[in-house]
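The structure appears right after this line, and notes come after that.
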Amino acid sequence: MSISLVHRPAAQSPHYPESTRDRMRSTATLVLGRLLLLPAFLRSPRRSRYVACQWALSLRFPRTSLTGLTPEARRQFTQAQTIAFWRDGQLIGLTSGHRDHAEQEAYFAQKVVETGSAAHARRYVLPAAESAHVAGTAFDVRPRAGAAWLEEYGAAHDLYRTYDNEWWHFEYRPEQQGRALPRLPHPGFSPAPGPGGS
Ligand SMILES: [Zn+2]
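The sequence shown: position 115 = 114 (numbering that gives the first Met the number 0), numbered continuously.
Below is the structure:
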């Protein structure tokens, strides 16, 4: 993977402008990444850009955790983060990656209470057995401009936005082999049977 060093300020997405404060934080994070290149090089000479990017992002988004993701999903996601950071000056923070079974079930149960039924809850949260977060192949990301970057370039890393109603949710789908993935309206969506269908 070869990535040229970024020489521009934090990319401003025309569609999802950041507040001045967030833009300053993004720029500071990019500057920090450059300052961390030398220590990262001393730690890991061949992966210094990757390491410096991960350090800088973990300071900007301290609750980010890659633990529990499958090795390949994690590798592709962090590679996308690195390219976004150095090539396009775009930060991609991870809000939620892997969730364990109990955590997802509790999340689903809470949604059932909020929405009044399991059928409604499924539009927002899936039960653990169906959740890509539990499988370790889903990523909820931020900010919105970072998600837009991943939506545009993620397919090169087998990462896809899967739902219309969740701009932040991406899944690792290697079976697509870079082809476009048709987006579903929401989690738990099942197409209505067509005329005469069963
Ligand atoms: Zn998600």
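Here a beta-carbon is modelled for each residue, glycine too, at the ideal position from N, C-alpha and C. Treat the numbers as computed from the prediction; the structure is a model and nothing was measured.
Return yes when the C-beta of His132 is under 7 angstroms from any heavy atom of ligand 1, and no when it is not.
-> The residue you call residue 132 lines up with position 133 of the sequence shown. Flag set: Cβ of His132 near ligand 1.
Would you call Pro126 buried or exposed, if buried means 16 or more other Cβ atoms sit within 10 Å of its Cβ?
-> For the purposes of this step, residue 126 is taken as residue 127 along the sequence shown, with counting starting at 1. Buried, since its Cβ has 16 or more Cβ neighbours within 10 Å.
Enumerate in chain order the residues of its own chain whose CB-to-CB distance from Leu36 is below 8 angstroms, with the five nearest sequence positions on each side excluded.
-> Locating residue 36 in the sequence shown gives position 37, counting from the first residue. Closer than 8 angstroms at the Cβ level, and outside the excluded window around Leu36, lie Ser47, Arg48, Ala51.
How should Ser25 be labelled, buried or exposed, when 16 other C-beta atoms within 10 angstroms of its C-beta is the threshold for buried?
-> Working through the sequence shown from its first residue, we reach residue 25 at position 26. Counting Cβ neighbours within 10 Å, Ser25 comes out buried, since at least 16 surround it.
Since Val111 contacts Ala120 with CB under 8 angstroms, what's their CB separation in whole angstroms?
-> In the sequence shown, counting from the first residue as 1, residue 111 sits at position 112. In the sequence shown, counting from the first residue as 1, residue 120 sits at position 121. The Cβ separation is near 4 angstroms, so the contact holds.
Closer than 7 angstroms: is that where the CB of His168 sits relative to any heavy atom of ligand 1?
-> Within the sequence shown, the letter at position 169 stands for residue 168. Flag set: Cβ of His168 near ligand 1.
Euclidean distance between Cα positions of Arg33 and Gln53 = Along the sequence shown, one-based indexing puts residue 33 at 34. Along the sequence shown, one-based indexing puts residue 53 at 54. Near 12 angstroms, if we compare the C-alpha coordinates of Gln53 and Arg33.
Does the beta carbon of Ala137 fall short of 7 angstroms from some heavy atom of ligand 1?
-> Translated into positions along the sequence shown, residue 137 becomes position 138. For ligand 1, at least one heavy atom lies less than 7 angstroms from the Cβ of Ala137.
Within the segment 60-100, ranges of the alpha helix (DSSP H) (whole runs, at least 4 residues) = 70-87
Nearest-angstrom Cα distance between Ala108 and Glu129?
-> One-based indexing of the sequence shown puts residue 108 at position 109. One-based indexing of the sequence shown puts residue 129 at position 130. About 14 angstroms.
Of the listed residues Arg62, Gly145, Ser116, nearest to Ile82 (C-alpha basis) = Within the sequence shown, residue 82 is the residue found at index 83, counting from 1. Of Arg62, Gly145, Ser116, the residue nearest in Cα terms is Gly145.
DSSP beta-bridge partners for Asp139?
-> As a position in the sequence shown, residue 139 is number 140, starting the count at 1. Asp139 is bridged to Ser95, His168.
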